[in-house]
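Written below as C-alpha cells is the structure these notes are about.
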Amino acid sequence: MKKALSFLILFVLGLNVLAQHNSKPNIIVILTDDHAVQSIGAYGSKYGATPNLDRLAKQGAVFNKAFVANSICGPSRAILLTGKYSHINGFKDNHDKFDASQDVFPKRLQAAGFQTAWVGKWHLLSYPQGFDYWNILPGQGQYYNPSFISMKGDTSRVEGYCTDVTTDIALSWLSKRDESRPFFMVVGEKAPHRTWMPDIQDLGKFDDVNFPLPANFYDSYNNRIAAAMQDMSVEKTMKIGYDLKMKSDPDNLASAFLARMNPDQKQKWNAYYDRIEEDFLKQKLTGKALTEWKFQRYMRDYYSTTLSLDRNIGKILDFLDQNNLAKNTIVVYTSDQGFYLGEHGWFDKRFMYEESMRTPFIIRYPGVIKPGTVSNQMVSNVDFAPTFLEAAGVAIPTPIQGRSMMPLLKNPKAIIRSSAYYHFYEYPGEHSVLKHFGIRTSRYKLIRFYDHKNFWELYDLQTDPHEMKNLYGQQKYQAITLDLKKQLKQLCVDNKDEEALKWLE
Ligand code: SGN
Ligand code: CA
C-alpha cells in the first residue's frame, strides 16, 4: 500500500514537471556575424536579399533601436551569454579568453529542465559550458568545407558551405532531442563576416545592381579624430586581392581559401572571379573610379553571402512548421553587431556610431507579440539573458545587469531603458579604432574616447542621423552635454565600470 502511494505521488509529480515543461516555450536564437541592419528588407533594404527574415518580421516584431554594448564578436557573445557588460564578464576584446565557468544563463535553463545547444560560430576561445550539446567552428571558421570542433575536442572537416552545414547540424540535433522537454538553441552563423564569400550558387546574384554610394561615403572626418585615425576604409584598407578575390594582387586569399575547396567549387569560383578580374584589369582603374569599383564588388559579395543566410533561416522556420513547433517556440534573429556598408567610407564595426552599435533584432513569439509589430524602444544585447530567463519562467539573478524585455514584448510602447551604454576596448588593434565609451539616448549620443587620445564627441541624432557633426564644445549644447555627462556617470556607477569612471572629469 505504502509502495503504491509513493508510486502515485511520484507519478503525479512527474506529470506536473512534464506539464510545466510543455508550457515553457522553446527558444531559438539565430546569431549571425556582422549582418548590417541596412541590408535587411524588414529594416528598409530594397534589394530583396532577406525574404525569410522579412517573413519572420511580419510574424513577429522588428526592433529599430537594438544596440550592442561592445561592437565586436567575442565581447558581444559574452554579453549575450551573461547579461553583463564586458568589464564584468571579463571578455573585453577578441583576444580575451571567455571564462565559461561563470554564471551563463543557459546553465540556469538547464537547471530548469531545458535542453541547450550551441552550434556554429562561438569565437570565445574557451569551450562552451551550460550546453548539453555543442559543435563549434574554430575561431572565425571557414566558409568552404569548414572544420568543426566536437564536444570530444576533436576537429573534423565537413563538406559543404558553412551556413548550410551549421544549420544542418543544428536541425539534426533538434530532430534527435528529447521531445518531452523544452529546448534552447543558438545557431551561430559565420556569414556574412569578412571576407564575404558567397555560396557557389549565389555568385553573381547582385551583379546587375548598382549600389548607390552612401551619402557620407566620402567623409572627410572633420572634427572627428578617431574617425580620421581608423584603418577600415574601402579606399585604403580593403584589399583587392584579399577582400575582393582578385588573384593578380600579390596580397590575395587564393592559397588560403582555394585550398579548402573541392574541385567543383574551385572550378565554379574561378570561372566567376576570373571573368571579373579580366574585366577589372582591362579597365586600369585609379583614384575614385577604383574606390567605387571596390565598393560595388564589396556590396555584391556581401549581399550574395547573405542569400544563403536567409535561405537557411527559411530552413529553420520550415522545420518548426513541419514539426509542429512554431507555436511554442520563440525565434530570435540577431547579429553580434552591425556593420558599415560604405557609410563614412568604411567596412567593419567597433565604433559607437549607429551602423555598428545597432544590430538587427527580430523576434517571433506567438501568443505574446502581435504579428507585424515595429518597436522604436531601446534595447541592448545585455537584455537578452534576462529576457530569455523570464520567458522560461526562471528567476533573474540580481548580478545580471540587463533588463528583461518581457514588458516591451507584451506592449511595444513600454520603456525598459531610456539609454544604452557602450564600451569598446580593442586598441591598439586591427582597424585602429580608439578605446571609447558613451551613452546613447533617444536623441543624443555622447562619446568619450580615452587612453591613447582623450576627447569627446556629441551628436544630435535627430538633426544629424549620419553622425557627421561633432557638436561637443559648442556653447549651444553646453546644458545638454552637462546633462548627458551626468547620465553617463550614473550609468558607469550603476554598471560598476571603474575604468570608465577614471576618464570622466
Ligand atoms: C577578423 C577580420 C577583421 C575583423 C575581426 C573581428 N579580419 O580579424 O576585419 O574586424 O575579425 O571580427 S580578417 O582578415 O580575418 O577577415 S569579429 O566579428 O570576429 O569581431
Ligand atoms: Ca562580428
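What the sequence shown shows, in mature numbering (1 follows the signal peptide of the UniProt record, and there is no 0), is residues -19 to -1, 1 to 486, in sequence order. We treat Cβ as the ideally placed atom computed from N, Cα and C, and that holds for glycine. Nothing here was measured: the structure is a model prediction, and the numbers come from that model.
Query: So what does DSSP say about R58, is it helix, strand or coil?; Result: helix
Query: Can you determine whether any heavy atom of ligand 2 sits closer than 7 Å to the C-beta of H174, and answer yes or no?; Result: yes
Query: Please give me, in chain order, every unbroken run of the beta strand (DSSP E) with length at least 3 that falls completely inside the stretch 68 to 134.; Result: 96 to 101, 114 to 117, 128 to 130
Query: Under the rule that 16 or more other beta-carbon atoms within 10 Å means buried, what is I396, buried or exposed?; Result: exposed
Query: Could you check whether the Cβ of C143 sits closer than 7 Å to any heavy atom belonging to ligand 2?; Result: no
Query: May I have the straight-line CA-CA distance separating A207 from F430, to the nearest angstrom?; Result: 8 Å
Query: To the nearest angstrom, report how far apart D77 and R281 are at their CA atoms.; Result: 33 Å
Query: Would you kindly work out how many angstroms separate the C-alpha atoms of W484 and N309, rounded to a whole number?; Result: 47 Å
Query: Evaluate E160 with the Cβ neighbour count: other Cβ atoms within 10 Å of its Cβ, from every protein chain shown; 16 or more gives buried, anything less gives exposed.; Result: exposed
Query: Please tell me whether, using a cut-off of 7 Å, the distance from the CB of N305 to the nearest non-hydrogen atom of ligand 1 is below it.; Result: no
Query: Just the Cα atoms here: how many angstroms apart are W274 and R398?; Result: 42 Å
Query: Which parts of the stretch 320 to 360 are runs of the alpha helix (DSSP H), unbroken and 4 residues or longer, counting only runs that do not cross its ends?; Result: 335 to 338
Query: Using the C-alpha atoms, what's the distance from A42 back to V394?; Result: For the record, residue 394 in the displayed sequence is Lys; it is not Val. Rounded to whole angstroms, K394 to A42 spans 12 Å at the Cα level.
Query: Compare the Cα-Cα distances from R205 to each of A59, L427, Y223 and report the closest residue.; Result: L427
Query: Figure out for me which residue from Y66, N126, K102, D113 has the closest Cα to the Cα of P119.; Result: K102
Query: Using DSSP with H/G/I as helix, E/B as strand and the rest coil, what is E479?; Result: helix
Query: Which one of F328, P388, N357 has the shortest CA to CA distance from P341?; Result: N357
Query: If we call anything under 8 Å between Cβ atoms a contact, is M213 one with H16?; Result: no
Query: Going by the CB atoms, is the gap between A172 and T136 shorter than 8 Å?; Result: no
Query: From G353 to D475, what distance separates their C-alpha atoms?; Result: 35 Å
Query: Tell me whether H2 sits in a helix, a strand or coil according to DSSP, three-state version.; Result: Note on H2: pLDDT 46, under 50, position unreliable in the model; no value is reported.
Query: Within 7 Å: the Cβ of Q121 and any heavy atom of ligand 1?; Result: yes
Query: If you compare alpha carbons, which of Y284, L155, M178 is closest to D189?; Result: Y284
Query: In chain order, what are the residues with a CB under 5 Å from some non-hydrogen atom of ligand 2?; Result: D14, D15, C54, D317
Query: Which same chain residues end up closer than 6 Å to W99 when comparing Cβ atoms and leaving out the 5 residues on each side of it in sequence?; Result: P109, F112, W115, V167
Query: Check each candidate in A376, I381, A373, V363 and name the one with the smallest Cα separation from Y403.; Result: V363
Query: Please determine whether the Cβ atom of H412 lies at a distance below 7 Å from any heavy atom of ligand 1.; Result: yes
Query: What residues in its chain sit with their C-beta under 6 Å from that of F187, if we drop five residues either side in the sequence?; Result: R281, Y284, S285
Query: Under 8 Å, do E407 and D74 count as touching if we go by C-beta distance?; Result: yes
Query: I need the straight-line Cα distance from L12 to K228, nearest angstrom please.; Result: 32 Å
Query: Relative to the C-alpha of G222, which candidate in A47, F238, L105 has its C-alpha closest?; Result: F238
Query: Check E438 in the structure and name its three-state DSSP category.; Result: strand
Query: Please tell me whether, using a cut-off of 7 Å, the distance from the CB of H325 to the nearest non-hydrogen atom of ligand 1 is below it.; Result: no
Query: Relative to the C-alpha of E258, which residue among A240, R278, S131, R175 is closest?; Result: R278
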